[in-house]
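Novice:
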Amino acid sequence: MSSHDTKNPNGGVSMGHVIEPPDPNSNLLELVLSRDNMHLA
């Protein structure tokens with residue numbers, strides 16, 4: 323997960339962090355190799 327500093331448009335002061343949504347493919351290997359999926363295969 324990554325975040326970026328955001329700037330206030332009125333003065334350039336940092337307003338905090340913007341958190342990106344999690345990548346749905348980040349645990350794809352774990353899903354493919356899950357016990358249930360291996361039994362289905």
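Number 363 marks the last residue of the sequence shown (the working numbering); no jumps. Don't be surprised by glycine CBs; every beta carbon is placed ideally from N, CA and C.
#1: Since L351 is in the alpha helix (DSSP H), which residue starts that stretch and which ends it?
#2: Do N359 and L350 have their C-beta atoms closer together than 8 angstroms?
#3: Quick one: Cα of S356 to Cα of V340, how far?
Specialist: Per the coordinate set shown:
#1: If you number the sequence shown from 1, residue 351 lands on position 29. First-last of the alpha helix (DSSP H) with L351: 350-354.
#2: The count along the sequence shown starts at 1 and reaches residue 359 at position 37. The count along the sequence shown starts at 1 and reaches residue 350 at position 28. Result no, Cβ atoms of N359 and L350 do not sit closer than 8 angstroms.
#3: For the purposes of this step, residue 356 is taken as the residue at position 34 of the sequence shown. For the purposes of this step, residue 340 is taken as the residue at position 18 of the sequence shown. Looking at the two C-alpha atoms, the distance is approximately 32 angstroms.
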